[in-house]
Amino acid sequence: MPELESRRERLEFNKLQKRLRRNVGRAIADFNMIEEGDKIMVCLSGGKDSYAMLDILLNLQKTAPVHFDLVAVNMDQKQPGFPEHVLPEYLQSLGVPYHIIEKDTYSVVKEVVPEGKTTCGLCSRLRRGTLYGFAEEIGATKVALGHHKDDIVETLFLNMFYGGRLKAMPPKLRADDGRNIVIRPLAYCREEDIARFAEYKGFPIIPCNLCGSQENLQRQAIKQMLREWDKKFPGRSENIFAALTRVSPSQLADRDLYDFESLELDRSTPSAAARDDYALQRQVQTWVPDGEAEAPPQYIEALNL
């Protein structure tokens, strides 16, 4: 029985690993995330997502149609109790080039943010600025972040509910200053798959004691809402993500995105509705018996559809 269970687990793991690799490969191809000669700076937080991202990119690197290099980077924010040895030991075991950036953003966040308030926003901005600058310093052409599909959908609702904006996290982004390209290779991957993958692989997870453990965060509320939706209406989160890839600017109300003011009538050609109506009439008329002055009732009814 233990042998059978082990065989089942290996089968499930192989299916999961293939699905994740396939999804990452699709995202890279769809958004042209990685090009020939790229140097990808893989940002590692010590969480399941960034570990999975590095693992999958290392595997794809062996069979990718282009050559690219990977360098892992972690930012030690000097949080009390942070196990500084974990990531270096793990990366050394993989033989991956890496850098550890030491910068005390923890003290800044604790000083600026009132007790009990969410620290995630400020923490992420400070971290992002440091990482962007370091990417230039080491000559990285792309910065890879471990955000997955659920992160993207959650961010959409966070911006709508709390910021009054319709935006999320794009799979590929040029920084505002134009000096860095950010990619999210896990954009097509579900969090539950990544969590199972991390459990199978036994990654040395480092919990975030600065922001991740805070209760009643807005993101946690959104996450719970989406979890309940998916439970009641399976596939809803997938549909929401799909909607982000099929946007109709003319059906929204952003005047900067679509030129509503310049809309004009154009009746130079028959409308689609008129063409469809004409085609329907022609189709119905072919059923009218020759010599009949009027179509039988069933044809009249069809003409009035």
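Under this note's numbering, the first residue of the sequence shown carries the number 1, and numbering increases by one thereafter.
The beta carbon of each residue, even a glycine, is placed where N, CA and C say it ideally should be.
Since the structure is predicted, the reported quantities are computational estimates derived from the model, not experimental observations.
With distance defined between alpha-carbon atoms, name the residue in the options nearest to residue i.
i	options	result
Asp76	Glu264, Pro207, Ala175 and Phe68	Pro207
Gly164	Phe82, Thr155 and Lys149	Thr155
Ile240	Glu136, Ile152 and Arg127	Ile152
Met160	Arg219, Arg26, Val113 and Arg125	Arg219
Glu191	Ser6, Glu12, Glu9 and Asn23	Asn23
Leu126	Val112, Gln61, Arg236 and Ile138	Val112
Ala27	Arg184, Pro65, Ala221 and Tyr106	Arg184
Ile194	Ser262, Ile56, Glu35 and Lys39	Ile56
His147	Glu89, Pro270 and Leu186	Leu186
Ala168	Glu199, Ala242 and Asp266	Ala242
Val71	Cys123, Glu84, Ser271 and Phe134	Phe134
Leu158	Phe197, Cys123, Val143 and Ala221	Ala221
Thr105	Tyr98, Pro97, Cys123 and Tyr90	Cys123
Ala175	Tyr132, Arg196 and Leu244	Tyr132
Asp177	Phe68, Asp230 and Glu136	Glu136
Val86	Ile205, Phe233, Pro234 and Tyr258	Ile205
Lys142	Pro171, Pro88 and Leu166	Pro171
Which partner residues of residue i appear in the DSSP bridge assignment?
i	result
Met169	Note: Met169 sits in no beta bridge, so no partner.
Tyr51	DSSP, once it has assigned bridges, lists no residue as partnering Tyr51.
Arg174	Ile181
Val143	Met41 and Val182
At the level of alpha carbons, what is the spacing between residue i and residue j?
i	j	result
Leu16	Lys201	12 angstroms
Gly47	Asn74	11 angstroms
Asp150	Ser50	14 angstroms
Leu252	Leu263	14 angstroms
Asp38	Lys103	27 angstroms
Asn59	Val247	33 angstroms
Lys62	Gly25	13 angstroms
Gly138	Met41	This sequence places Ile at residue 138; Gly is not what is there. Approximately 9 angstroms between the Cα atoms of the pair.
Thr130	Ala140	14 angstroms
Val66	Glu35	6 angstroms
Gln199	Asp254	As written in the sequence, residue 199 is Glu, which differs from the Gln given in the question. Each residue's alpha carbon lies about 43 angstroms from the other.
Ser237	Asn32	24 angstroms
Leu20	Phe260	42 angstroms
Lys18	Asp266	51 angstroms
Tyr98	Leu91	7 angstroms
Thr269	Asp276	13 angstroms
Ile100	Arg128	15 angstroms
Val96	Arg7	30 angstroms
Pro114	Val108	11 angstroms
Gln224	Asp230	10 angstroms
Glu215	Phe68	Here Glu215 scores only 43 on pLDDT, less than 50, and its place in the model should not be relied on; the value that follows carries that caveat. Their Cα atoms are separated by approximately 40 angstroms.
Phe13	Leu54	17 angstroms
According to DSSP, is residue i part of a helix, a strand, or is it coil?
i	result
Met33	coil
Cys189	coil
Ser213	In this predicted model, Ser213 has a pLDDT of only 45, less than 50, meaning its place in the structure is not dependable; the value taken from the coordinates is given anyway. Note: Ser213 maps to coil in three-state DSSP.
Asp69	strand
Asp76	strand
Leu257	coil
Ile138	helix
Phe197	helix
Ser124	helix
Leu11	helix
Thr269	coil
Ala64	coil
Leu252	coil
Gly81	coil
Gly25	helix
Ile56	helix
Arg19	helix
Pro2	Unreliable positioning characterises Pro2 in this predicted model, as indicated by a pLDDT of 44, which lies under 50. A coordinate reading is not provided.
Gly46	coil
Leu131	helix
Tell me which residue opens and which closes the beta strand (DSSP E) that residue i is part of.
i	result
Phe157	Per DSSP, Phe157 belongs to no beta strand (DSSP E); it is in the alpha helix (DSSP H), Lys149 to Gly163.
Glu102	Tyr98 to Glu102
If I follow the unbroken alpha helix (DSSP H) through residue i, where does it start and stop?
i	result
Phe241	Arg236 to Leu244
Ala221	Gln218 to Lys232
Leu94	Val86 to Leu94
Val109	Thr105 to Val112
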